[in-house]
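> Residue numbering for the sequence shown follows the working numbering, starting at 1456 and increasing by one per position.
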Amino acid sequence: MANYFVLIDGMAETAVADSAAAVAEYYQDYPALGGLQQHGQSGLFITCPDGFVAESMTCILTLLGVPPQHLPKGRAYLEAVSQGIPVEEEDLILRCNLVAVQEQRMFSSSATGLTGAEMQQAAWQVKQHCDGQTTEFLPMQDYKNLLVVKQGKKAMQTLNTKAPHENLQRPLQAFYPSGGEVAAALQLFIIESRRYLAELWKDKPYEYWLIPWGQSCVQPVPTLQELFHCAGAVICGTEIVKGIGVLMGMTVPPLRGATADVDTNLSEKVAAALAYGKDYPLVLLHVNGA
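1) By DSSP's criteria, Ser1565 is part of a beta bridge. Which residues make up the other side?
2) At 4 residues or longer, and completely inside the stretch 1665–1689: list those alpha helix (DSSP H) runs for me, N to C.
3) Pop quiz: Gln1538 and Met1574 are said to be a contact at Cβ under 8 Å. What is the actual Cβ separation, rounded to whole angstroms?
4) What distance in whole Å lies between the Cβ atoms of Leu1614 and Gly1634, which are believed to be in contact at a cut-off of 8 Å?
5) Do Leu1740 and Val1461 have their C-beta atoms closer together than 8 Å?
6) Suppose you measure from the CA of Ile1695 to the CA of Gln1493; what does that come to, to the nearest Å?
7) Which value, in whole angstroms, describes the spacing of the CA atoms of Pro1626 and Val1717?
8) From which residue to which residue does the alpha helix (DSSP H) around Arg1400 run?
9) Can you pull the DSSP bridge partners for Ile1463?
10) Assign Arg1650 to one of three DSSP states: helix, strand, or coil.
11) Would you mind sorting Leu1721 into buried or exposed? The rule is 16 or more other CB atoms within 10 Å of its CB.
12) Helix, strand or coil for Thr1589? Go by DSSP, reduced to three states.
13) Taking only the alpha-carbon atoms, compute the straight-line gap between Gln1576 and Ala1477 and give it to the nearest angstrom.
14) How should Ala1727 be labelled, buried or exposed, when 16 other C-beta atoms within 10 angstroms of its C-beta is the threshold for buried?
15) Indicate the three-state DSSP secondary structure (helix, strand or coil) for Val1603 in the structure shown.
16) Just to confirm, is the Cβ distance from Lys1566 to Asn1600 under 8 Å?
17) Taking the Cβ atom as the reference point for each residue, do Pro1632 and Gln1642 lie within a distance shorter than 8 Å?
18) Leaving out the 5 sequence neighbours to the left and right, which residues in its chain are closer than 6 Å to Met1512 when beta-carbon positions are compared?
19) Can you look up Met1595 in the DSSP assignment and give me helix, strand or coil?
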């Protein structure tokens, strides 16, 4: 019989008054959760070891039993793995957001004002003109992209970058990487890509820039087989969880309706989880954007 690990990523709610009547009234609106509360077990679990930032990659790997000494630094490598993108041992790989800029400040970390098709147009315009001997730009989906700095792993500890979504409304100058030769190459990429992005749209209320951040490199992770001597499957749409599944040797099936956002097809994901539960002892069902 399969064990189903249902992970509702980012779920938060307002507090319920600490009385039996208030709790009972709350669960009347959510009968499935009420059944779990009444018939199951509940408690607290530390999902983020000391010294790590509490975010999806670290917490999910911890929940899957990966010890702290094997937790990767940075998510970009796992996102590359999820897309089948090869990364060399000595390369540095960064996330690269297409962002919206207004009055020389970060307005949006996700290219507000552009359609998905326009974001893809922007990404391929930059790839066509900005790939070179030092850097390789890798379009992914919507505003999300990756940037590889060839032979750049040596800068892993000295490079300083800033996450766009954590620094909204800050001046653009704050987002220029710092810390040596690799930082200089990234600054040049920002400037050159901006020049080609400016050619695309003259009628938009924002400017659009590409900001590299969140550096990482090739990092091995123990497989589920090595940790627990069993196989598993991952049902998800988001790149980072797909990457976790691939690195841990789990089966990650393609899902047509899994968008990694609020419009994901939950019925399809549940059906897939039940189907893979017939063949695997552990099935991770990940629900994003909760």
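Note that CB positions come from ideal geometry on N, CA and C, so glycine has one too.
Keep in mind it's a predicted model, so treat the numbers as computed, not measured.
Checking against the coordinates, here is how it stands:
1) Note: Ser1565 sits in no beta bridge, so no partner.
2) 1679–1683
3) With 8 Å as the limit, Gln1538 and Met1574 do not qualify as a contact, their Cβ atoms being about 16 Å apart.
4) 5 Å
5) Using a Cβ distance threshold of 8 Å, Leu1740 and Val1461 count as a contacting pair.
6) 33 Å
7) 31 Å
8) Outside the shown range of the chain (1456 to 1745) lies residue 1400, about which nothing can therefore be said.
9) As DSSP reads the structure, Ile1463 sits in a beta bridge with Val1742.
10) In the structure shown, Arg1650 sits in a helix (DSSP, three-state: H, G or I).
11) exposed
12) coil
13) 51 Å
14) buried
15) strand
16) In the sequence under discussion, the amino acid at residue 1566 is Ala, which differs from the Lys named in the question. Cβ atoms of Ala1566 and Asn1600: not closer than 8 Å.
17) yes
18) Arg1530 and Ile1695
19) strand
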